[in-house]
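Novice: Provided herewith is a single structure, encoded as C-alpha cells, for subsequent inquiry.
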Amino acid sequence: MAILYFEDVEPGLEMTFDAVYHVTEEEIMEVGNRWDPQPFHIDREAAKDSIFGGLVASSGHVFLIWVSMGNDDIDKDKAIKSVSALGFNNLQWHAPIRPGDAIKSSFRITEARESKSRPELGIVKSENRMFNQDNETVFTLECAFLVPKRPT
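Per my numbering, residue -15 is the first one in the sequence shown, and the count goes up by one each step.
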C-alpha cells in the first residue's frame, strides 16, 4: 500500500473506503444497552412502535462506525497517513442505520495547509460521507486532521 503524506494530499482528492461495515442487530442492542438505552436501540418489539419502525443504531454508534472505517484500508493501494484528528464539524445523521445494513464511507479533501506550530505536519480538512447498500447517505461530517510531511 502506498502511504500518502502531506505533500501528496491536495484539495479535490476523493477516496472511497474499500471496507464494508456490516451492522448487526446484536451490535446495535449491545451498544444501545451500554451507552444509549432508548427502546429503539435495545428492544426490537418496542422499536416497532417508534418513529423508526424498528431497531436503529444510536448516533454515537454511527460515529464510531465511521471512526473504525477510517482505520481500514482505503482504495487498497493508497492511504493517507493521519496521526491525529483535530476536530469535527457539521455532524449530520441523514437516515437511520438498521440491522443488516452494509455501510461504506468516502471523503473529499477540502483544504490542506502547513501547520504553523508544527513544521513537520500539515493540517488537512475533509468532507466525509457514509452510505448504505442502496447508496443512501446516512451520515456526513467535516473533519480536520494532522498529516506528517514526507520524511527527509
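We put the CB at the ideal spot given by N, CA and C, even for glycine.
Measure the beta-carbon distance from Ser110 to Phe91 and round it to whole angstroms, keeping in mind my assumption that it falls under 8 Å.
Specialist: Right, their Cβ atoms sit about 4 Å apart.
Novice: Mind checking Asn73: buried by the 16 CB within 10 Å criterion, or exposed?
Specialist: Exposed, because fewer than 16 other Cβ atoms sit within 10 Å of the Cβ of Asn73.
Novice: Can you list, in chain order, the residues of its chain with a C-beta nearer than 6 Å to that of Ile(-3)? Leave out the 5 residues immediately preceding and following it.
Specialist: Note on identity: in this sequence residue -3 is Leu, with Ile being the wrong assignment. Ile93.
Novice: Do you know how far the Cα of Met13 is from the Cα of Gln22?
Specialist: Cα-Cα distance, rounded: 10 Å.
Novice: DSSP has Thr0 in a bridge; who is on the other side?
Specialist: Answer is Ser90, bridged to Thr0.
Novice: If Phe(-10) sits next to Ala69, beta carbons under 8 Å apart, how far is it from one beta carbon to the other, in whole angstroms?
Specialist: With 8 Å as the limit, Phe(-10) and Ala69 do not qualify as a contact, their Cβ atoms being about 15 Å apart.
Novice: For Phe24 versus Leu39, is the C-beta spacing smaller than 8 Å?
Specialist: It is a contact, given that the beta carbons lie within the stated cut-off.
Novice: Smallest Cα separation from Val108: which of Ser101, Pro132 and Asp2?
Specialist: When each option's Cα is compared against that of Val108, the closest is Pro132.
Novice: If you run the structure through DSSP and keep just helix, strand and coil, what is Pro23?
Specialist: It is helical.
Novice: Leaving out five residues before and five after Asp59 in sequence, what residues of the same chain have Cβ atoms less than 6 Å from its Cβ?
Specialist: Here the model assigns Asp59 a pLDDT of 49, short of 50, so the residue's position is not dependable, and the following value carries that caveat. Cβ neighbours of Asp59 beyond the five flanking positions: Met(-1).
Novice: Please name the residue, chosen from Glu(-6), Pro(-5) and Phe1, that lies closest to Ala86 on a Cα-to-Cα basis.
Specialist: Taking only the C-alpha atoms, the option nearest Ala86 is Phe1.
Novice: If I follow the unbroken beta strand (DSSP E) through Ala79, where does it start and stop?
Specialist: No beta strand (DSSP E) contains Ala79, which DSSP labels as neither H nor E.
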